[in-house]
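Numbering (the numbering used here), first residue to last: 109 to 451.
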């Protein structure tokens, strides 16, 4: 199903975070002047009791039947986050007498708490000019139309006889020694981490160390596995070490969001190769049924094919030695151990 969106800012990011298993809560608040509402049922008799009145706060499912023309943004959010859906995405409808020519939409999302108890969080605030009493803001129509055209182009490319368009694969290229940050973002298929965020994790892991053992002394990155594991934990995910002694046929790939490999990498100075080896983090991820090598040193994602293709790639890497494999899974999969198929 294609859902056109107008007033919901960041729809794709919400969907990606939800698909990665890192979305814990989602709340959408829409505020405007009371004249901008078209309410039915019990909400139709609700009156403002002051400059700013909350008319409804609760699951989106309970709001849609009584505010069918004022709840589309919230319904789009529920469709973009199927793990929460209409029963767990919270919608808030606010009558604000100061917003006679404005619709204001706030989107707040949170991920699970990290090692220190702090949550990953995003808050967007959108102010959309509107005619007094209008149900729809002036910018929403254009945004909706552009969204509809983009969706139609994607649908037409899948029509009988048409060549399917290649999937959109998020791929960060190498910068400094930030391969761990790139691998995290590539395996999650969106930019969730930065060098600053990784440095902050390092400080939390070793708050009393003058020389932090989890990153390069030069401040260029080179983060170790503890940083990767803590970053994933902050999103409610887990990193499971793969025992190289197990046959890869026991790896239950459908239960795994992605893989992060730690590989030896040669060091060069210009055109001169040095007799040194550094460690390099590489992400593997499935997008639209195809597994990709998302190595940040590649110019573009490298298609590996189906499950047999990614197993062959991992087997070759393990055969070369000095390779470690991390499975990125949800907490539920980690606890149940269903990333491993034993029969």
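Idealized CB from N, CA, C, for every residue including glycine.
Residue 134 places its beta carbon 9 angstroms or farther from that of residue 187. The straight-line gap separating the alpha-carbon atoms of residue 229 and residue 219 is approximately 6 angstroms. Between the beta-carbon of residue 418 and that of residue 361 there is about 7 angstroms, and that keeps the pair under the 8 angstroms contact cut.
Residue environment for residue 120: exposed (fewer than 16 other C-beta atoms within 10 angstroms of its C-beta).
The C-alpha of residue 236 lies about 15 angstroms from the C-alpha of residue 202.
Going by C-alpha positions, residue 238 is about 14 angstroms away from residue 204.
The bridge partners DSSP lists for residue 411 are 400. Within the DSSP bridge table, the entry for residue 216 names 135 and 231 as partners. Straight-line measurement puts the Cα of residue 373 at about 23 angstroms from the Cα of residue 301. In the DSSP assignment, residue 169 falls within the unbroken alpha helix (DSSP H) covering 168-171.
Ranked by how close their Cα comes to the Cα of residue 148, the residues 322, 179, 318 and 319 have 179 in first place.
Listed in chain order, the beta strand (DSSP E) elements of length 3 or more contained wholly in the stretch 174-208 are 198-204.
For residue 438, the enclosing beta strand (DSSP E) begins and ends at 432-438. Under the three-state reduction of DSSP, residue 370 is assigned to strand. Listed in chain order, the beta strand (DSSP E) elements of length 3 or more contained wholly in the stretch 304-368 are 345-349.
When the five nearest sequence neighbours on each side are left out, the beta carbons in the same chain lying within less than 6 angstroms of the beta carbon of residue 287 are those of 388, 389 and 404, in order along the chain. Rounded to whole angstroms, the gap between the alpha carbons of residue 304 and residue 143 is 45 angstroms. Between the stretch 438-450 and the stretch 344-362 there are three or more inter-stretch CB-CB distances shorter than 8 angstroms, so the stretches are counted as touching. For residue 281, the three-state secondary structure derived from DSSP is coil. The beta carbon of residue 167 is closer than 8 angstroms to those of 194, 195, 196, 197, 198 and 199 in its chain, skipping five residues each way along the sequence. Residue 243 sits in coil when the DSSP states are folded into three classes, being neither helix nor strand. Taking a C-beta distance under 9 angstroms as the contact criterion, residue 333 and residue 432 qualify as a contact pair. Of the residues assessed, residue 124 falls on the buried side of the cut-off, its CB having 16 or more other CB atoms within 10 angstroms.
Here the C-alpha atom of residue 329 lies approximately 48 angstroms from the C-alpha atom of residue 160.
Shown here for residue 352: same chain residues with a beta carbon closer than 6 angstroms to its own, the five before and five after excluded, namely 426 in chain order.
Counting along the chain, residue 292 sits inside the alpha helix (DSSP H) bounded by residues 287-296. With respect to the 9 angstroms criterion, residue 395 and residue 243 are not classified as neighbours on the basis of their beta carbons. Beta-bridge pairing by DSSP links residue 387 to 372. DSSP, reduced to helix, strand and coil, places residue 392 within a strand of the structure shown. Nearest neighbour of residue 118 by Cα position, chosen from 174, 181 and 173, turns out to be 181.
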